[in-house]
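Engineer: Mind looking over this structure? Questions follow.
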Amino acid sequence: MKTQIWLLAALLSVAGRGLAADISVNLDAPFQLVNQGDIIAFLGTIVNNDAAIVDLNSIEVNLNGLGFSVDDGAFFSGPPTVDASTGLRLTQTIDFEMFDVTVAFDAPVRLSTGTVTIVGGAEGPGGYDPTTQNVLGSSDFQITVSPEPSTLAITFTAVAVLYLLRRLRGKLSMRRVQA
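For what it's worth, my numbering labels the leading residue of the sequence shown as -16, then goes sequentially.
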């Protein structure tokens, strides 16, 4: 009985290994400083740390905060699989665009954090399987929204004009006192 339990545990371990895989997700620029109205393209690489070919079936992008819309369509133009790991540095995929984020013109000026998760699985003997939806790997990113540059310019100009008016008003009142 004890041997059967160990055999079952070993079998489940091997079977589970066929479904899941171990990859690393690396965004090229995970920290973005953007303006309201910008569109940011997030590019990155995926490294296969598994001995099997890994199918990249979908992407999940979670971004907290208001004023953002995410387009994950670029991911599906990338590679559908990542070759099996050979222990060499050449197992890394080329850089490709994973997703885009559009910042609304009225997005709050603040720091927002997010996570990108790649979903898929180790390729089985039947080849590519688009139905496998195991979490393969993820990476965190940050977007800091700053005010639109023209807003800063208008604010700076308004402060400068108010300062000059105040100085001019002070000089005029000094002339009245002297007269």
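Positions of the beta carbon are idealized from the N, C-alpha and C atoms, including for glycine.
Using DSSP's beta-bridge definition, name the partner residues of L39.
Structural biologist: G103, per the DSSP bridge assignment.
Engineer: Hey, out of V84, I42 and D66, whose CA is closest to Y111's CA?
Structural biologist: The residue with the shortest Cα to Cα distance from Y111 is D66.
Engineer: Go ahead and label N31 buried or exposed: buried means 16 or more other beta carbons lie within 10 angstroms of its beta carbon, across all protein chains shown.
Structural biologist: Looking at its Cβ environment, which holds 16 or more other Cβ atoms inside 10 Å, N31 is buried.
Engineer: If you draw a straight line from the C-alpha of N18 to the C-alpha of V99, how long is it?
Structural biologist: Taking the straight line from one Cα to the other gives about 21 Å.
Engineer: Look at the Cβ atom of L119, then the Cβ atom of I6, and state whether they are nearer than 7 Å.
Structural biologist: Against a cut-off of 7 Å, the Cβ pair of I6 and L119 comes out as a contact.
Engineer: Determine, using beta carbons only, whether I22 and Q15 come nearer to each other than 7 Å.
Structural biologist: Their beta carbons are not under 7 Å apart, which means I22 does not touch Q15 by this criterion.
Engineer: DSSP state of L145, grouped into three classes?
Structural biologist: Of the three classes helix, strand and coil, the one that applies to L145 here is helix, per DSSP.
Engineer: Can you give the Cα-Cα distance for A12 and A35, rounded to whole angstroms?
Structural biologist: Each residue's Cα considered, the two are about 28 Å apart.
Engineer: L94 by DSSP, collapsed to three states: which one?
Structural biologist: Here L94 sits in strand by DSSP.
Engineer: Consult DSSP for A57 and reduce its assignment to one of helix, strand or coil.
Structural biologist: Here A57 sits in helix by DSSP.
Engineer: Alpha carbons only, please: which of D123, F25, S121 and N117 is nearest the one belonging to G104?
Structural biologist: Among D123, F25, S121 and N117, the Cα nearest to that of G104 belongs to N117.
Engineer: Return the bridge partner residues of T28 from the DSSP annotation.
Structural biologist: Answer is N9, bridged to T28.
Engineer: Kindly indicate which three-state DSSP category T85 falls into: helix, strand or coil?
Structural biologist: Note: T85 maps to strand in three-state DSSP.
Engineer: Could you pull out every residue in the same chain whose Cβ sits closer than 6 Å to the Cβ of P62, ignoring the five residues on either side in sequence?
Structural biologist: Contacts found: T76.
Engineer: Which residues in the same chain have their Cβ closer than 7 Å to the Cβ of F58, if we skip the five residues on either side of it in sequence?
Structural biologist: Same-chain partners within the cutoff: I42, M81 and F82.
Engineer: Check each candidate in D33, P91, G20 and L26 and name the one with the smallest Cα separation from N47.
Structural biologist: Here the closest residue by C-alpha is P91.
Engineer: Give me the residue from L148, S95 and R150 with the minimum Cα distance to Q125.
Structural biologist: Ranking L148, S95 and R150 by Cα distance to Q125 puts S95 first.
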